[in-house]
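Trainee: Numbering (this note's numbering), first residue to last: 1 to 287.
Glycine included, every Cβ here is placed at the ideal spot set by N, Cα and C.
Since the model is a prediction, treat every value here as computed from it, not as a measurement.
First the structure, then my questions, so here it is.
This is the structure:
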């Protein structure tokens, strides 16, 4: 289904990490490979860069004071509010050692403030999922993944969803918020249309999965049982992440990327937002 959408510039090589900031009521996202964080209040088509780094920002999250936690190749680094923009801390919050060719890829916070973060390799194989608690303790949750990607929590953080882009699979797990353990995996969907790959995701108030389709020019709304309920078509080819925000938590935000495209069109790498959907969301947990 083609719906009315609004565009947000500039074009990003690898636009990702779509997030709504409930504190300033603005939409944030990153260009991973260019180390930039962007923000917009939606009053203009052009977003502003509020933080430029020399890192690859595999993911970022907000804490309870609206500061940003960046997941970089050096580890977790804070960016603090500095006037209207953000400034990097000169200290690494939590150090992390990567194997050659690894980087963070997508992250989420649970109800206890733990960070669950995917780690991908350049080979898009042997990826993993880890959790990091507030004391810096690191636990490995999953290994042998392809590309660890979009995640979501449901049922008061007792259900966890995880995307593996390489196998085009979204899996549902039981989640224990007290221990941070996952168990009892059940595949929700593993039969995406050919050439389309599930990337970032979020959950709406009904518990439906909102999944960005890399290579598919679309966002899918998928039921808990894996039924595709709705397809939202977009002009960009590589749709990379989604989130729900806005004053009433009823605006769908979408990022895209022009990386790996032989021919780049104007629509590729832009962000989009839609206000005429029936989708309503819930606020993210904070780090």
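In angstroms, rounded to a whole number, what distance separates the CA positions of residue 115 and residue 137?
Mentor: If you number the chain shown from 1, residue 115 lands on position 115. If you number the chain shown from 1, residue 137 lands on position 137. Their Cα atoms are separated by approximately 10 Å.
Trainee: Between which two residues does the beta strand (DSSP E) carrying residue 283 extend?
Mentor: Locating residue 283 in the chain shown gives position 283, counting from the first residue. Taken as a continuous stretch (DSSP letters only), residue 283 belongs to no beta strand (DSSP E), as it is neither H nor E.
Trainee: Classify residue 32 as helix, strand or coil using the three-state DSSP reduction.
Mentor: Here the question's residue 32 lines up with position 32 in the chain shown. Three-state DSSP puts residue 32 in a helix.
Trainee: Quick check: what's the CA-CA separation for residue 289 versus residue 35?
Mentor: Given that the chain is displayed from residue 1 to residue 287, the structure contains no residue 289 and the question cannot be resolved.
Trainee: Given a threshold of 16 other Cβ atoms within 10 Å of its Cβ, counted over all protein chains shown, does residue 49 qualify as buried or as exposed?
Mentor: Looking up residue 49 in the chain shown gives position 49. Exposed, since its Cβ has fewer than 16 Cβ neighbours within 10 Å.
Trainee: Check whether the Cβ atoms of residue 4 and residue 276 lie closer than 7 Å to each other.
Mentor: Taking the chain shown and counting its residues from 1, the one referred to as residue 4 is at position 4. Taking the chain shown and counting its residues from 1, the one referred to as residue 276 is at position 276. Yes, they are a contact pair.
Trainee: Helix, strand or coil: how does DSSP classify residue 123 here?
Mentor: If you number the chain shown from 1, residue 123 lands on position 123. The answer is coil: DSSP assigns residue 123 none of H, G, I, E or B.
Trainee: Within 10 Å of its beta-carbon, does residue 255 have 16 or more other beta-carbons around it, so buried, or fewer, so exposed?
Mentor: The residue labelled residue 255 in the question sits at position 255 within the chain shown. So residue 255 ends up on the buried side.
Trainee: Express the C-alpha separation of residue 249 and residue 167 in angstroms, rounding to a whole number.
Mentor: As a working mapping, residue 167 is identified with position 167 in the chain shown. As a working mapping, residue 249 is identified with position 249 in the chain shown. The straight-line gap from Cα to Cα measures roughly 31 Å.
Trainee: What's the C-alpha gap between residue 221 and residue 210?
Mentor: The residue labelled residue 221 in the question sits at position 221 within the chain shown. The residue labelled residue 210 in the question sits at position 210 within the chain shown. Approximately 5 Å between the Cα atoms of the pair.
Trainee: If we ignore side chains and look at the alpha-carbon of each, how far apart do residue 98 and residue 73 end up?
Mentor: Stepping through the chain shown from its first residue, residue 98 is reached at position 98. Stepping through the chain shown from its first residue, residue 73 is reached at position 73. Residue 98 and residue 73: Cα-Cα distance of roughly 7 Å.
Trainee: From residue 131 to residue 179, what does the alpha carbon distance come to, in whole angstroms?
Mentor: Position 131 of the chain shown holds residue 131. Position 179 of the chain shown holds residue 179. Taking the straight line joining both Cα atoms gives about 11 Å.
Trainee: List the whole-angstrom C-beta distance separating residue 213 from residue 152, where the pair is believed to meet the contact cut-off of C-beta under 8 Å.
Mentor: Within the chain shown, numbered from 1, the residue matching residue 213 stands at position 213. Within the chain shown, numbered from 1, the residue matching residue 152 stands at position 152. Not a contact, Cβ separation roughly 16 Å.
Trainee: So, using beta-carbon positions, are residue 113 and residue 134 closer together than 7 Å?
Mentor: Here residue 113 is taken as the residue at index 113 of the chain shown, counted from 1. Here residue 134 is taken as the residue at index 134 of the chain shown, counted from 1. Cβ atoms of residue 113 and residue 134: closer than 7 Å.
Trainee: By how many angstroms is the C-alpha of residue 286 removed from the C-alpha of residue 70?
Mentor: Position 70 of the chain shown, counted from the first residue, corresponds to residue 70. Position 286 of the chain shown, counted from the first residue, corresponds to residue 286. The straight-line gap from Cα to Cα measures roughly 13 Å.
Trainee: Any idea if residue 310 is buried or exposed, counting beta-carbon neighbours within 10 angstroms, 16 or more meaning buried?
Mentor: Coverage of the chain is limited to positions 1 through 287, which leaves residue 310 absent and any answer about it impossible.
Trainee: Check whether the Cβ atoms of residue 94 and residue 118 lie closer than 7 Å to each other.
Mentor: As a working note, residue 94 is residue 94 in the chain shown. As a working note, residue 118 is residue 118 in the chain shown. Cβ distance not < 7 Å, so residue 94 and residue 118 don't count as in contact.
Trainee: Check whether the Cβ atoms of residue 146 and residue 125 sit closer than 7 Å, and answer yes or no.
Mentor: Residue 146 sits at position 146 when you count from the first residue of the chain shown. Residue 125 sits at position 125 when you count from the first residue of the chain shown. Closer than 7 Å, so yes.
Trainee: Check this for me: beta carbons of residue 20 and residue 165, under 7 Å apart or not?
Mentor: Counting from one through the chain shown, the residue named residue 20 turns up at place 20. Counting from one through the chain shown, the residue named residue 165 turns up at place 165. Their beta carbons are not under 7 Å apart, which means residue 20 does not touch residue 165 by this criterion.
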